[in-house]
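Residue numbers (the numbering used here): 44 to 200.
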């Protein structure tokens, strides 16, 4: 009986020894996987120049080419376009144009996705883009000229 108990303890010891070996192999495998992931991340950082830079967004603006009869505009000055710029005679516009040919809320330029759109706001005398009257929402590009009243703006970016 005593030998039988000793044999059982020996077989339990062998089983624990085998389980211990399996756990050791699993732990070593997990450590290797973690090391491989860390190396992969470091490789990507080195490949990208060591920094994750956000893509630079184009900055648009309106350069005043001709101020016309607007004393508050200076030729050569730049009006930055963020998400939206409104142009008109009323004081609540981003760019106030003090002349009789400009409507209260004449036009606006706004960001749609990644492009800028020019919209005439049903003005009396209209908005010109590259000497053509704007009838509907129109995308603007660098180099385009916008005329409102006697003021002329060039899109820069």
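Think of the CB as a built atom: it goes at the ideal place given N, C-alpha and C, for glycine as much as any other residue.
So what does residue i bridge to, in DSSP terms?
i           : result
residue 130 : 138 and 150
residue 161 : 152 and 181
residue 66  : BP columns for residue 66 are empty, so no partner.
residue 121 : 106
residue 198 : 105
residue 171 : 176 and 190
My guess is that residue i and residue j are in contact by the Cβ rule of under 8 Å, so how many angstroms apart are they, rounded?
i           : j           : result
residue 160 : residue 180 : 5 Å
residue 148 : residue 136 : 7 Å
residue 126 : residue 146 : The Cβ separation is near 22 Å, so there is no contact.
residue 109 : residue 183 : That pair is no contact at about 18 Å.
residue 192 : residue 111 : 6 Å
Going by C-alpha distance, which of the options is nearest residue i?
i           : options               : result
residue 166 : 151, 157 and 155      : 151
residue 140 : 116, 178, 177 and 185 : 116
residue 144 : 154, 123 and 168      : 168
residue 188 : 177, 173 and 178      : 173
residue 153 : 79, 128 and 190       : 128
When burial is assigned at 16 or more other CB atoms within 10 Å of the CB, is residue i buried or exposed?
i           : result
residue 113 : buried
residue 88  : exposed
residue 65  : exposed
residue 105 : buried
residue 107 : buried
residue 170 : buried
residue 90  : exposed
residue 103 : buried
residue 134 : exposed
residue 163 : buried
residue 185 : exposed
residue 138 : buried
residue 130 : buried
residue 124 : buried
residue 68  : exposed
residue 215 : There is no way to answer for residue 215, as the model of the chain reaches only from 44 to 200.
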